[in-house]
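In what follows, a structure is listed as C-alpha cells, so that the remarks can point back to it.
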Amino acid sequence: MSSRIRSLSGNPGRRYQLLFLLALLLVPVAAMSAQTSQQLEVVASSSSTGALVRELGGEQVRLSILAPPDRDLHQLQARPGMMRALRRADLVTSLGADLEIGWLPVAIRQSANPAILPGRPGYFEAAAHVTLQDAHGIADRALGDVHPLGNPHINMDPERMATVATALAARLAQLDPANGKLYAERARDFSARVAARMKTWREGVDPELTAVLYHRDAKYLLDLLDVPLLGLLEPVPGVPPSGTHIRALNERLEGQHGIILYTPYQPDNPPRALARASGWRTVKLPLEPPLDADGDAYLAHMDRWVDALSGPEE
Amino acid sequence: MATTCLVLVLTLVMASVAAGAESDIESLRAELDALRAEYEARLSELEGRLDAAEQKVAAAQATAPTTTTEPDTAAITAVAAATTSSSSDTVTSGNAFNPQISLILDGNYYHDGLGGSGSSLIGEAFQPSQPAHEHEGHEHSALANGFNLREAELAFSATVDPYFDAGAYFAFTGDDVEIEEAWFQTRALPHGLKLKGGRFFSDFGYINRQHPHQWDFVDQNLPYLNLLGDHGLQDNGLQLTWLPELPVYTLVGAELLQGDQERFGSFVVDDEHRDELGLSDRKDGPRLISTFIKLGPDLGYDHAMQIGASYAHNRQHQEEALAAEGDANLWGLDFIYKYDNPAPWGQRDLTLQAEYLWTRKDLLVRSGDDAGADVDLTTDGYYLQGVYGLAPRWQMGLRYDVLGATNQIRGATRLDFDQSDRWTVVLTWVPSEFSLFRFQYASSDILVEPGEREQFDAFWLQFLLSLGTHGQHRF
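Each protein sequence line maps, in turn, to chains X and E.
The opening position of the first sequence corresponds to residue 1 in our numbering, with each subsequent residue numbered one higher.
The opening position of the second sequence corresponds to residue 1 in our numbering, with each subsequent residue numbered one higher.
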C-alpha cells in the first residue's frame, strides 16, 4: 500500500513533464503567429483614434479597436482580448489625458509588449498633441471624477483631431519610414477636408441656440461652433443628477432656446426630465464614430452632431 | 505662416507684373504660369521639409523626451509648437505622481447568531487536515459582533526605471501592520515574458490574486478560506509568466515560492514538540511550486470569458494531530464570464464566476501507533457566484460555496466527513468610482467537528472607500 502512495506522490514529476510538453507545443504556434507581415499592427483604444489610423494608415496598417462606440471610456475593464490584441501591436493609440486610465495602462502593462509602453514610439496619446480645456483645475474629488490634466474628450473637436492626425502621421512615419510620405500626405488631405467642412458647419449652426450637456464631453464641439453651454446635468463628473439639481438647472434655462445633448451610455431619465420641464428637445448621439469609420465617416459622424445643433427644421 | 508669406510674395509679383502693362497679355500669362509652377514646386518642397522636420521632432521626442528640441532649424521649433502642447508624449497622470499612492478603508458592521464567533468559524470548517496555528497575524475573517475596521490598505506602486515596475501593499489592522505584497516586475523582457519577484499573491486560480477590497462579496469563499487560509496563496518567491502571440489570449505561468503557508504546507514550529512527534526540521526553501494557464477566447465587445487551470505542490507539509508529514498537492479550475452592457454604471452587467479546488496531502505517520503508515488527506471545495447590475450603481449578488464535497482520509485509516456549505446574498451600492457600500446576508451550515454542525445567519454592512490614485479595472 505504501508503494501505491509513493507512486502517487511521485506523480507531480510526471505532471511537470506534461506541462512542459504543452509549453513546447505552444512554441511553434507562437513562432508561426509571430511572423510579421508588412502591415503595421495598430491598436486603437476607441473608434475615434481608430478612424484616424484607418484614414492615414490605409492598406499599410492592420487596425483593431478595444472599445466599441457605445461604451463609456471611463468605465471599461482590461479584458483578456485586449491583452491579446496589444501583445502584438506595433502602436497603440488612445485619446489619453486619463480618459482610459482605469483600464488601458493595466492592459498595456499586462500585455508584456515593451514596444507600446508609455514613452516609447509605440505609445501614442492624442491629448499630448493638442492644448486641453480646463487643464490644471482643482484635483478635488468632492468635485467628482475630475481630470486635472484637462478635458480629454478631444475626439469631439475635428480641428484638434486634424492636429492629432498630423502628429499621428509623423508617428506612423517613424515606425514605418518607407511609407512616411504617404502618411503625411493623407494627414494633410484630412486636415484640408476638416477645414472645408468647418465652413459649412459654422454656417449651419443656429446662432440663437444654447445647449445643456450631460457630461462635459461635447464641450469642445460647442466651443468650436460658438454654442453657449448653459449647464451640465451631472452636478459633478461621474455623479448622477438629483431632482433638485435638475430643477435648479431648469430655472437657469428659463427664456432660453436650446438643446439637451447626451450620449447612449448616459441615463435617459435626467435629460428627459429636464426636457419636460424646459420644453427643450433632447438629442442622444454617440461620442465615437462607428467601429469601421475612416476619416470621412468620422466627419459624417460629426455632421450628425452639427445637424442636431442646426435647429429643428427637418 | 510660410504659405501666407508666399501668397504675399505672389501678389507682389503679380502687382509688379501688372504694373508693366506694356507687354503682351499672352507672354504675361505664360510668365505667370511659369511663376506659379515655380512657387508650387517651392511650396511642395517646403511642405516636404516641414514633414521631415515633424518627423525629426517626433523622433527627438521619442528618444529624449525630457530634453528640449534641438534649435538647429526654426522649422522644427515652429512645428513642435504647432503640433504639441507639452514637451512629453504622455499626459496620462499615471506618471504624474511617483509613486502612486492609494489608501483603502474597509470597515463594517457585523452581526451573527453565534455572538461573533461565526466569522472565524467559516474559516475553520472541518477537514481532516488541521492547520498548525503557526501564523498569529491578523485574520481578515475574524470579526466581532458590532463595528469593525477590517483593514486600511495602503498601496504604493510605481515604475522604478525602464526595466522594473514595483508595488507594495500594507494592511493596517487594529494593532498590526502586515506587508501583503512587496514585489518588482520586469517591463522590458522580450517574447511576452515577465518576471516577478518578492512577496506577492500567487496567480493560482482566479480570486487568489485579488485583495479583499476587490472581492464581489464582503468575505472570502469557503474553499479558499479553508484550504489556503485568510491570505490565500501569498508568499515570497519568483514568478515567470509568458503571454505568447496567439489568436486566443493564453497566459502560462510558473512560480517558485518559499512555501511558508498556514494551510498548504503547514509546519510545527515548536522544536521540542516537533522532535517528540518525530517530524523533520524545516527543509530549505523554496518548497512550493505553482503553475497555471489561463485562456481567454475573444467573444466580442459584450462578452468576455476566461478559463484557467492551476496546480501547486508543496514538498513539506506537517500534521501535528496525526504526527505525519509529506507533501501537499493542490489543483484548481477557474471560470469567469462577464457580460458588459452599454447601459450606464454597471446596469444589466453580469458576472459569473466559479472555481473548484482539490487538495491532497500525501503523508507518512512518523510516531505513535500508526508509525510508518501512509495517510492521504483529501478535501475539495467550490464556489459559484453571480453578480448582476440591477440598476445604475446597484448590484445584486448570489453565492453558493462548499467545502468538502470530498472530505476524506485514506490509507492507514479510512474516514469520510460531511461537507460545509453556505448561501450568501449581497446588495452593493456604488455611489462613485471611489466609494462602495454593501449589505450582505449569509446562511451557513458548517461542520465544526465530525458529527457536530453549526447553523447560523450572519449580516454585514460594509463600507469601502478609496483615497488617492484611480483604481485599476482589472478583469
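Using N, Cα and C, we set each Cβ at its ideal position, and we do this for glycine too.
Identify which residue in the options has its Cα closest to the Cα of residue i.
{"i": "E:Y169", "options": "E:R209, E:T186, E:F147 and E:A144", "result": "E:R209"}
{"i": "X:D176", "options": "X:T200, X:L299 and X:G57", "result": "X:G57"}
{"i": "X:L309", "options": "X:A300, X:A126, X:V283 and X:S94", "result": "X:V283"}
{"i": "E:L352", "options": "E:F456, E:P431 and E:Q385", "result": "E:Q385"}
{"i": "E:A312", "options": "E:R287, E:A304 and E:G296", "result": "E:R287"}
{"i": "E:D235", "options": "E:Y388, E:E178, E:L279 and E:V248", "result": "E:E178"}
{"i": "E:A405", "options": "E:W394, E:G397 and E:F417", "result": "E:F417"}
{"i": "E:L227", "options": "E:D401, E:A371, E:W242 and E:S117", "result": "E:D401"}
{"i": "E:H477", "options": "E:I101, E:F434 and E:P297", "result": "Because residue 477 of chain E is not part of the residues shown, which for chain E are 1 to 475, the question remains open."}
{"i": "E:Y339", "options": "X:V43, X:V164, X:A44 and X:R79", "result": "X:R79"}
{"i": "E:A152", "options": "E:D106, E:L246, E:F437 and E:R393", "result": "E:D106"}
Label residue i either buried or exposed according to how many other C-beta atoms from any shown protein chain fall within 10 Å of its C-beta, with 16 as the threshold for buried.
{"i": "E:P450", "result": "exposed"}
{"i": "E:K294", "result": "buried"}
{"i": "X:R88", "result": "buried"}
{"i": "X:I65", "result": "buried"}
{"i": "E:Q127", "result": "buried"}
{"i": "X:H215", "result": "buried"}
{"i": "X:M302", "result": "buried"}
{"i": "X:Q35", "result": "Low confidence applies to X:Q35: its pLDDT is 46, below 50, so where it sits in the model is not reliable, and the reading given next is rough at best. Exposed, since its Cβ has fewer than 16 Cβ neighbours within 10 Å."}
{"i": "E:W345", "result": "buried"}
{"i": "E:V79", "result": "Interpretation of E:V79 is limited by its pLDDT of 39, a score under 50 that renders its predicted location unreliable; the figure taken from the coordinates is listed afterwards. Result: buried."}
{"i": "X:H129", "result": "buried"}
{"i": "X:K219", "result": "buried"}
{"i": "X:A115", "result": "buried"}
{"i": "X:P237", "result": "buried"}
{"i": "E:D275", "result": "exposed"}
{"i": "E:G368", "result": "exposed"}
{"i": "E:L267", "result": "The amino acid at residue 267 of chain E is misidentified as Leu; the sequence shows Phe. With 16 or more other Cβ atoms within 10 Å, it is buried."}
{"i": "E:V160", "result": "exposed"}
{"i": "X:L213", "result": "buried"}
{"i": "X:S48", "result": "buried"}
{"i": "E:F147", "result": "exposed"}
Find the residues of chain X that neighbour residue i, judging by a C-beta separation of less than 8 Å, and give them in chain order.
{"i": "E:V248", "result": "R84"}
{"i": "E:Q472", "result": "A78, G102, W103, P105 and V106"}
{"i": "E:Y301", "result": "A67, P68 and R71"}
Show which residues of chain X have a CB atom less than 9 Å away from the CB atom of residue i.
{"i": "E:S290", "result": "Near E:S290 there are no residues of chain X at all, since even the closest Cβ is about 11 Å away, more than 9 Å."}
{"i": "E:P99", "result": "Chain X residues near E:P99: none, gap ~14 Å exceeds 9 Å."}
{"i": "E:D165", "result": "R109"}
Do residue i and residue j have their C-beta atoms closer together than 8 Å?
{"i": "E:E454", "j": "E:L121", "result": "yes"}
{"i": "E:R422", "j": "E:G278", "result": "no"}
{"i": "X:D157", "j": "X:G122", "result": "no"}
{"i": "X:N132", "j": "X:G150", "result": "In the sequence as presented, Asn is not what sits at residue 132 of chain X; that position holds Leu. Cβ distance < 8 Å, so X:L132 and X:G150 count as in contact."}
{"i": "X:S278", "j": "X:L253", "result": "yes"}
{"i": "E:G197", "j": "E:F184", "result": "yes"}
{"i": "X:A297", "j": "X:A51", "result": "yes"}
{"i": "X:P69", "j": "X:L291", "result": "yes"}
{"i": "E:E476", "j": "E:P131", "result": "No answer is possible for residue 476 of chain E: the residues shown for chain E start at 1 and end at 475."}
{"i": "E:K194", "j": "E:T250", "result": "no"}
{"i": "X:Q39", "j": "X:V61", "result": "yes"}
Along chain E, which residues have their Cβ under 7 Å away from the Cβ of residue i?
{"i": "X:P80", "result": "Y249, G296, A304, Q306 and F475"}
{"i": "X:R54", "result": "The contacting residues do not exist; X:R54 stays about 18 Å from chain E at best."}
{"i": "X:A112", "result": "G192, L193, K194 and L243"}
{"i": "X:P267", "result": "P344 and P392"}
{"i": "X:L117", "result": "R187"}
{"i": "X:R252", "result": "What X:R252 touches in chain E: nothing, since even the nearest Cβ is about 24 Å away."}
I think residue i touches residue j, with their Cβ atoms under 8 Å apart; what is that distance to the nearest whole Å?
{"i": "X:V306", "j": "X:L225", "result": "7 Å"}
{"i": "X:A97", "j": "X:P152", "result": "4 Å"}
{"i": "E:H191", "j": "E:N145", "result": "Contact flag wrong, Cβ pair sits at about 54 Å."}
{"i": "E:G265", "j": "E:D203", "result": "With 8 Å as the limit, E:G265 and E:D203 do not qualify as a contact, their Cβ atoms being about 18 Å apart."}
{"i": "X:G102", "j": "X:H74", "result": "6 Å"}
{"i": "X:F190", "j": "X:A162", "result": "6 Å"}
{"i": "E:P212", "j": "E:R187", "result": "That belief does not hold up - the Cβ atoms of E:P212 and E:R187 are roughly 28 Å apart, past 8 Å."}
{"i": "E:A324", "j": "E:V269", "result": "About 17 Å; that fails the 8 Å criterion."}
{"i": "E:I409", "j": "E:L357", "result": "That belief does not hold up - the Cβ atoms of E:I409 and E:L357 are roughly 18 Å apart, past 8 Å."}
{"i": "X:Q256", "j": "X:T210", "result": "5 Å"}
{"i": "E:F200", "j": "E:G232", "result": "No, E:F200 and E:G232 are not in contact; Cβ-Cβ is about 11 Å, not under 8 Å."}
{"i": "E:G205", "j": "E:G332", "result": "4 Å"}
Taking C-beta pairs closer than 8 Å, name the residues in chain E that residue i reaches, listed in chain order.
{"i": "X:P264", "result": "P342"}
Anything in chain E within Cβ reach of residue i, meaning under 9 Å, just list it in chain order.
{"i": "X:R193", "result": "Under the 9 Å cutoff, chain E gives no residues; its nearest Cβ is about 17 Å from X:R193."}
{"i": "X:R87", "result": "G192, L243, P244, E245, L246 and Y249"}
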